[in-house]
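Below: one structure, written as structure tokens.
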Amino acid sequence: MDVLKQLLGRLHPLLVHLPIGFLIFGLLLQFLDRKKKTYTQLIPVAYFWGGLSAIAACITGYLQYLGEGYGFDTIKWHLWSGIATALFSFLMYFKLSGVKNFSFLTKVPIIMLSTIFFILISFTGHQGGNITHGEDYLVEPLPNSVKSALGIETFEAKEINLTEENWEAAQIYEDVIHPILNNKCVSCHNPKKAKGDLLLHTPDAILKGGENGEIINPKNASDSDLFVRMKLPMDDDNHMPPEGKTQPTKEDIKLVGAWIDTGNPFEGSIKNSGLNKELFSSFFSKKDNLDYPDIEITAASQDSIITIEKTGIHVDLISKSSNFLSVSCINKPDFTDADFEILLAIKSNIARLDIGNTKVSDNIFKKIALLPNLTILKLDNTSISGKNIKEIANLKNLKTINLTATNFEREHISKFSDFPSLQNIYLYKSNIKTQEIKTLNKGQISIDYGGYELPTLPTDSIVY
Amino acid sequence: MKDLIDKLIQEKLAREAEAKTRRHFIKNCAQGIGGLALSSIFAGCDPLTTAPKKTQAAFSERDLNPLATLAPPYSSKVKSVIYLHMAGAPSQLEMFDYKPELQKFDGQDCPQSLLEGKKFAFIKGTPKLMGPQAKFKQEGESGNWVSDYMPHFKKVVDEVAFLKAVHTDQFNHGPAQLFMHTGSARLGRPSIGSWATYGLGSANQNLPGFVVLTSGGNTPDAGKSVWGSGFLPSVYQGVQCRSKGDPVLYIKDPDGVTRDLKKSTIDAINKINKQEYLKYADPEILARINQYEMAYRMQIAVPEVMNINNEPENIKQMFGVEPGKESFANNCLLARKLVEDGVRFVQLFDWGWDTHGNVRSGSIDMGLRNKCREIDRPITALLLDLKQRGLLDETLVVWGGEFGRTPMQENRGNKKMAYKGRDHHGDAFTMWMAGGGIKKGACHGKTDDIGFSGIEGKVSVHDVHATILQQLGFDHEEFTYEFQGRNFRLTDVEGEVIKEILA
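Those protein sequence lines, which keep their order, are chains W and F.
Residue 451 in numbering that gives the first Met the number 0 sits at position 452 of the first sequence; the count goes up by one each step and never skips.
Residue 352 in numbering that gives the first Met the number 0 sits at position 353 of the second sequence; the count goes up by one each step and never skips.
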């Protein structure tokens, strides 16, 4: 029986569309009927069936309420307005089919009844929608300016921007605690909603507390509701934020606790608060650049990438959060200068280019020069001599160039001093015999000629 | 004749029924119903011909090639990992963790306070402390300690970052090795290399993404599970290659089978597989087709990359290789070659570090010296060779054992042992990392005066894993795989990135 109840309950979202359809259809017929009375007989039929299906919707709706564990407060408006709609349908039916007992209604103009009815149906439907999709479902896509004009509460997540460099100078409340509370708590604890009479959007409001009194006991986090309620296990009724809302991370909670323990300062920097760096390190923006240019670029077209990959050239995103690409010819040893053309479709995205072990020649530099964001260039195990290396001196992001096992010649080394960002040059097994130039540009560029040796030591041959 | 045909038909039906597993059945039902619905909407479209096409479009590259590369969530310098594991557990007290105070207590009874509540594998009663058997010096600009057991290593000491206070909760080889490589002392979890290849794939389409090389005459006590894929698809397990004989068993074609014949065999198999695919639309079949083709390419590529004879003489000399033999030196050179060719994860195991003092080869003052000599030159050469090729920036090298060894001399059976030895000890031991993203010359963590426990900068095995994953571009807390109804992580519910050794 329970199964049947539950099943019927779950049919509610389907069934509700029947009365909506019938009743709106009836209203529409009434509208069309206002001058030429062509549909007069049909209108009560629509209301009759609308009323019947509305009763079915009410019953299944009630079953769903019982079976799915909704709180009565959540559904009460929908429930009562649903019942009202069902009753109203029959009222309309009786009035329009001219039943005598409803003669008291004759004085009320039909247009008024219809309008009230239309509003009632819309209201019921909207309430139902709010239950399934959430209260802000309909208005959520509106821009914030429109929302505030409509008087709908707007919510803007605040970012925590801490880095290895700035964390000490950052404001403890303004830059860290406030964004945490704002992003995880304020959507319910704000002047418009104020659940539990508690506001968490300003220092004063936080200190004031809510209906259960103060929420902070200075220097004692384990006796402060602000911390304790977040720390409670999810299944505890007193846990905050409630299930279904965005939860604070364990680092968030730990930090709020530490902040209370240190006397919940609202002013001053993190350094002044005396809190440990470890508490903040998880908030440090995962700086994603490492070596690659610190600019935003648009993603390369997927079509171009697929076309390039079909030729055997390997294309990878540097990371999922970056639009820069790493291009490698590891599976295409027969890559030649001419094959480079295809890469031009993604030229701005290429940050790492590995054309080592390929058949490229010194003419390739003219083309490499077209990759503005190139950071790492691998040309190892090619026949490059370096005579055109000057062509790529314009690459302002190029940091590493690998020329291991090439024919690179000594006379071209000095040309590297024109490279603005270059840091590492690998010239092991190149055509260079003397290694006197180890750095360029006052040490900014270091050259590794390799050729390391491990001379035999007397201990090498002692077996114990 | 009719009987025979009946029998064949029966057999065919039985085969087909076998091929239709429950999963296929359910899948087909779902597709069938979807197809029916579609066909009623788009009259004239035959659901049987449209269904497979639809699903085909939904496959990712990963379905077809499980080793297809994926971008890491966060950008990272590291493209490959070389993990050097000294199976048996090397003595940190004779290699990197210099404890002059311990020398003062040499021969004295170990204080009871240290022994209380501790479990040791063999130590009984009250053992005696044993001073360091090696001579130490501060080396390089970093001034980190290196013993005279590792005379070549001092040349690269400024490249590595030491972790002096790693601890584990296991004190027997098998479970400790499993813990070190899978994050759990019990069987069934994927190894680090499997996680890495699962998460990132591997660029070189002719080589496996995760290669394992062993030396020292034995494989690790924990068996192949230390490079197993656990609950991850088995394609991500380590492929064990050998430096002696055929690099992969049965890689050569049998006598009389030419390359062309092999090719046409594989083509024929794949043709049948393609027909099966058209019938069942199961992506596993496409993955299998891909695997056949990769195996065919590997037959050429693997022997090529595993051949160290073609390396120049000076490189062979620097590593101290012995072509044709199974040696750690050969494996180090191979590791460099593999990484150079884009292999994602290379795992080296060297067996023979279990220096209890029960035999000469397992003694702290003799056997251990021999083992150190066997790895000293190759490891140093490996770091230098990666460096000169510009590969060290993009490779993470990790060195360690499964635990450390006691500051006390082992007294198995409460008797004096034939040789000097140390028992298993998980409270504090040394590991190091070098390469991409690692702070050169760093030293994190400190042990007490006798090297018994960490007193500063203690890190757990989970922390080491979190750090390795971080260097590969993962947040170890976000990198999960759903299995048996929950998400699993390499670091389980623990682990913190060791930021102190990151550049």
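Note that beta-carbon positions come from the ideal geometry of N, C-alpha and C, so glycine has one too.
Where residue i falls, given that 16 or more other Cβ within 10 Å makes a residue buried
{"i": "F:P110", "result": "exposed"}
{"i": "W:E266", "result": "exposed"}
{"i": "W:E164", "result": "exposed"}
{"i": "W:F282", "result": "buried"}
{"i": "W:L397", "result": "buried"}
{"i": "F:E138", "result": "buried"}
{"i": "W:L14", "result": "buried"}
{"i": "F:H509", "result": "It is not possible to answer for residue 509 of chain F, since the shown part of chain F is limited to 0 through 502."}
{"i": "F:A503", "result": "Within the shown structure, residues of chain F are numbered from 0 to 502, placing residue 503 of chain F beyond reach of any answer."}
{"i": "F:P99", "result": "exposed"}
{"i": "W:F47", "result": "buried"}
{"i": "F:N413", "result": "exposed"}
{"i": "F:R188", "result": "buried"}
Cross-chain neighbours of residue i in chain C, by beta carbon under 8 Å
{"i": "F:M365", "result": "Among the protein chains in the structure shown, which are W and F, there is no chain C."}
9 Å Cβ cutoff, residue i in contact with chain W
{"i": "F:N64", "result": "no"}
{"i": "F:Q387", "result": "yes"}
{"i": "F:M317", "result": "yes"}
{"i": "F:L383", "result": "yes"}
{"i": "F:N369", "result": "yes"}
{"i": "F:H475", "result": "no"}
{"i": "F:R372", "result": "yes"}
{"i": "F:A504", "result": "There is simply no residue 504 of chain F to check, as chain F begins at 0 and stops at 502 in what is shown."}
{"i": "F:K76", "result": "yes"}
{"i": "F:A36", "result": "Unreliable positioning characterises F:A36 in this predicted model, as indicated by a pLDDT of 49, which lies under 50. A coordinate reading is not provided."}
{"i": "F:N313", "result": "yes"}
Whole-angstrom distance between residue j and residue i, CA atom to CA atom
{"i": "F:M129", "j": "F:R421", "result": "8 Å"}
{"i": "F:G182", "j": "W:L373", "result": "38 Å"}
{"i": "W:D196", "j": "W:L225", "result": "14 Å"}
{"i": "F:Q239", "j": "F:T213", "result": "8 Å"}
{"i": "F:Y291", "j": "F:G244", "result": "23 Å"}
{"i": "W:D1", "j": "W:E134", "result": "29 Å"}
{"i": "W:L27", "j": "W:K346", "result": "60 Å"}
{"i": "F:P311", "j": "F:K103", "result": "48 Å"}
{"i": "F:G456", "j": "F:A164", "result": "7 Å"}
{"i": "F:E499", "j": "F:L395", "result": "16 Å"}
{"i": "W:H238", "j": "W:P247", "result": "11 Å"}
{"i": "W:V138", "j": "W:S147", "result": "11 Å"}
9 Å Cβ cutoff, residue i in contact with chain F
{"i": "W:G450", "result": "yes"}
{"i": "W:T433", "result": "no"}
{"i": "W:L453", "result": "yes"}
{"i": "W:L13", "result": "no"}
{"i": "W:K437", "result": "no"}
{"i": "W:D290", "result": "yes"}
{"i": "W:H411", "result": "no"}
{"i": "W:N181", "result": "no"}
{"i": "W:Y427", "result": "yes"}
{"i": "W:H313", "result": "yes"}
Residue i, enclosing alpha helix (DSSP H) - first and last residue
{"i": "W:D57", "result": "The question names Asp, but residue 57 of chain W is Cys in the sequence shown. Looking at the DSSP string, the run of the alpha helix (DSSP H) that includes W:C57 is 41-67."}
{"i": "F:L231", "result": "Neither: F:L231 is in no alpha helix (DSSP H) and is coded neither H nor E."}
{"i": "F:T264", "result": "258-279"}
{"i": "W:I424", "result": "W:I424 -> not in any alpha helix (DSSP H); beta strand (DSSP E) instead, spanning 423-425."}
{"i": "F:I500", "result": "Counting along the chain, F:I500 falls outside any alpha helix (DSSP H), and DSSP gives it neither H nor E."}
{"i": "W:K75", "result": "71-95"}
Residue range of the beta strand (DSSP E) that includes residue i
{"i": "F:H180", "result": "Per DSSP, F:H180 belongs to no beta strand (DSSP E); it is in the alpha helix (DSSP H), 172-181."}
{"i": "F:D62", "result": "Not the beta strand (DSSP E): F:D62 falls in the alpha helix (DSSP H), residues 60-63."}
{"i": "F:R582", "result": "Because chain F here runs from 0 to 502, residue 582 of chain F falls outside it and cannot be looked at."}
{"i": "W:R9", "result": "Element bounds for W:R9: not the beta strand (DSSP E) but the alpha helix (DSSP H), 1-9."}
{"i": "W:N387", "result": "No beta strand (DSSP E) holds W:N387; DSSP gives it neither H nor E."}
{"i": "F:M429", "result": "Checking the sequence, you will find Thr at residue 429 of chain F rather than Met. Run containing F:T429: 428-434, per the beta strand (DSSP E) assignment."}
Using a beta-carbon distance cut-off of less than 7 Å, what residues from the stretch 323-352 of chain W approach chain F?
Cβ contacts with chain F come from S327, I329, N330.
Contacting positions in the stretch 188-209 of chain F - beta carbon closer than 7 Å to chain W
For the stretch 188-209 of chain F, the set of residues with a beta-carbon nearer than 7 Å to any beta-carbon of chain W comprises A202, N203, Q204, in chain order.
What residues in the stretch 356-386 of chain W bring their beta carbon closer than 8 Å to a beta carbon of chain F?
Close to chain F, meaning a Cβ-Cβ distance shorter than 8 Å, are the following residues of the stretch 356-386 of chain W: K377, D379.
The stretch 114-127 of chain W: positions lying closer than 9 Å to chain F by Cβ
Correct list: empty, as no residue qualifies.
Give me the subset of the stretch 130-151 of chain F whose CB atoms are less than 7 Å from a CB atom of chain W, sorted by chain position.
Answer in chain order: P150, H151.
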